[in-house]
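Chains L and B supply the protein sequences, listed in that same order. Numbered as in this note's numbering, the first sequence ends at 191 without a single skipped number. Numbered as in this note's numbering, the second sequence ends at 178 without a single skipped number. Even glycine gets a Cβ: it sits at the ideal position worked out from N, Cα and C. These figures come from a predicted structure and were not determined experimentally. Structure first, then comments.
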Amino acid sequence: MLDLIKQPWPWYLAGALIGLTVPYLLLVGNKTFGISSSLRHLCAACMPANIKFFQYDWRKESWNLFFVGGIIVGAFIAGHFLMTGAPVELAKPTAEYLTSKGITDNSSLLPPELFSWEQLFTIRGLIFFVVGGFLVGFGTRYAGGCTSGHAIMGLSSLQWPSLIATISFMVGGIIMTWFILPYLLTL
Amino acid sequence: MQHTFQHTPAAISDLGVRELDSMCVNESELKHPWWYNLKYSAWGILFGIVFVKAEIVSWFRIQEMFRFESFHMYGVIGTAVVVGALSVLLIKRLKARTIYGEEIHIPDKTFNKGQIYGGITFGLGWAITGACPGPLFAQIGAGFPVIFVTFLSAWAGTWVYGLLREQLPH
Numbered sequence: 005m006l007d008l009i010k011q012p013w014p015w016y017l018a019g020a021l022i023g024l025t026v027p028y029l030l031l032v033g034n035k036t037f038g039i040s041s042s043l044r045h046l047c048a049a050c051m052p053a054n055i056k057f058f059q060y061d062w063r064k065e066s067w068n069l070f071f072v073g074g075i076i077v078g079a080f081i082a083g084h085f086l087m088t089g090a091p092v093e094l095a096k097p098t099a100e101y102l103t104s105k106g107i108t109d110n111s112s113l114l115p116p117e118l119f120s121w122e123q124l125f126t127i128r129g130l131i132f133f134v135v136g137g138f139l140v141g142f143g144t145r146y147a148g149g150c151t152s153g154h155a156i157m158g159l160s161s162l163q164w165p166s167l168i169a170t171i172s173f174m175v176g177g178i179i180m181t182w183f184i185l186p187y188l189l190t191l
Numbered sequence: 009m010q011h012t013f014q015h016t017p018a019a020i021s022d023l024g025v026r027e028l029d030s031m032c033v034n035e036s037e038l039k040h041p042w043w044y045n046l047k048y049s050a051w052g053i054l055f056g057i058v059f060v061k062a063e064i065v066s067w068f069r070i071q072e073m074f075r076f077e078s079f080h081m082y083g084v085i086g087t088a089v090v091v092g093a094l095s096v097l098l099i100k101r102l103k104a105r106t107i108y109g110e111e112i113h114i115p116d117k118t119f120n121k122g123q124i125y126g127g128i129t130f131g132l133g134w135a136i137t138g139a140c141p142g143p144l145f146a147q148i149g150a151g152f153p154v155i156f157v158t159f160l161s162a163w164a165g166t167w168v169y170g171l172l173r174e175q176l177p178h
């Protein structure tokens, strides 16, 4: 059994479990699924700085922070006890492309050539950690949600603004991947 | 909720933006002790395990997705949407209530241009970091403490959005 769990999980199992988050949250507490709001609640809790957007009682939304705390714990359990240690199996064209850009180490979930402490204080590190993170935090709030709030919760409840948001996520990702990342990877 | 807002133009647009953060609108009347929140942590733990085990938190998988060279992420998100949509349909049909007997309410999202501008901005970041906000937390937990820097920057990004929000087109 444990051996089975340690294998990478198929998309349909992962997708179904993630999809079930929607009814779970609705049924146990009338909550709509969304993760990026946790960043807003952290702003409201730690440094509201008189900004109107952060003037609300974040404690009423603290369930979101408990959920995110659970994600960290779950990821810790999976990352430390449920891995086989086998490399990430990549689609061949992706692997070939990344190799041509010097990204060859797929022994863990993130390439150490990009995401390591040594990389942090380089120009490339500045972009991959600081600029990338900033765009994620700024963009999700500007869009009013992320993959969970818009693509999953929003589309599940047939909200067309979420479809527009999801398409925009893809457009941004495609622009970055095809037109900007090829340069950033070779910095 | 609407009656708590003054109907000046600024307040109306503010309501529109707040409704996007639907969690702030959906306020339960029930008062529970803090440990009731552990049922969210429990699901979060399962969620975190799924994120790591299905490699959704992997930068490589996000590259594959945006390069259209693997079905994996499309399969994950597509299945999640189908399961989520069927659940919502069922909940509405059966007029299901929460375990505390409250009526289930899903607030409507209203369109504003932020969904386009912000969406593209987030997409750019997603392709760089290989992480949307959920996987960001999962990457830290899964054994990549250096991603805490990315998280701090995302936190700062949300804060700067709050600071500039009135000046940004919506």
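Query: Using three-state DSSP, classify B/Ala-19 as helix, strand or coil.; Result: Bear in mind that the predicted position of B/Ala-19 carries a pLDDT of just 41, short of 50, making it too unreliable to give a figure here.
Query: In or out: L/Gln-63 buried (at least 16 other Cβ within 10 Å) or exposed?; Result: Residue identity check: residue 63 of chain L is Arg in the sequence provided, not Gln. L/Arg-63 is exposed by the Cβ-count criterion.
Query: Just checking my contact of L/Val-26 with B/Gly-56 at CB under 8 Å: how many whole Å lie between their CB atoms?; Result: The Cβ separation is near 17 Å, so there is no contact.
Query: In chain L, which residues lie with their C-beta within 8 Å of the C-beta of B/Leu-46?; Result: Phe-70
Query: Just mark B/His-80 as buried or exposed, buried being the case when its beta carbon has 16 or more other beta carbons within 10 Å.; Result: buried
Query: Using Cβ-Cβ distances below 9 Å, what residues of the region 123 to 134 of chain L are close to chain B?; Result: Gln-123, Leu-124, Gly-129, Ile-131, Phe-132, Phe-133, Val-134
Query: Please identify the residue among L/Ala-20, L/Leu-6, L/Pro-186, L/Val-72 whose C-alpha is closest to the C-alpha of L/Ser-104.; Result: L/Pro-186
Query: Against L/Asn-54, what residues of chain B qualify as contacts under a CB-to-CB distance less than 7 Å, listed in chain order?; Result: Under the 7 Å cutoff, chain B gives no residues; its nearest Cβ is about 10 Å from L/Asn-54.
Query: Using Cβ-Cβ distances below 8 Å, what residues of the region 166 to 186 of chain L are close to chain B?; Result: Ser-166, Ile-168, Ala-169, Thr-170, Ile-171, Ser-172, Phe-173, Met-174, Val-175, Gly-176, Gly-177, Ile-178, Ile-179, Met-180, Thr-181, Trp-182, Ile-184, Leu-185
Query: Helix or strand or just coil, what does DSSP make of B/Cys-32?; Result: Annotation note: pLDDT 47 at B/Cys-32 (below 50); position unreliable, coordinate value reported separately. Note: B/Cys-32 maps to helix in three-state DSSP.
Query: State the beta-bridge partners of B/Arg-105 as determined by DSSP.; Result: B/Glu-111
Query: For the alpha helix (DSSP H) that B/Glu-72 lies in, which residues bound it at each end?; Result: 67 to 74
Query: For the region 111 to 145 of chain B, which segments carrying the alpha helix (DSSP H) assignment without a break, of at least 4 residues, lie completely within its bounds, in sequence order?; Result: 122 to 137
Query: Within 8 Å, do at least three Cβ pairs link the region 144 to 160 of chain B to the region 65 to 82 of chain L?; Result: yes
Query: Check the Cβ-Cβ distances between L/Thr-108 and every residue of chain B, and say whether any is below 9 Å.; Result: no
Query: Within a Cβ cutoff of 7 Å, which residues of the same chain sit near B/Cys-140, ignoring the five residues on either side of it in sequence?; Result: Trp-134
Query: In its own chain, which residues sit with a C-beta less than 7 Å from the C-beta of L/Asn-68, not counting the 5 before and 5 after it?; Result: Ser-41, Ser-42, His-45
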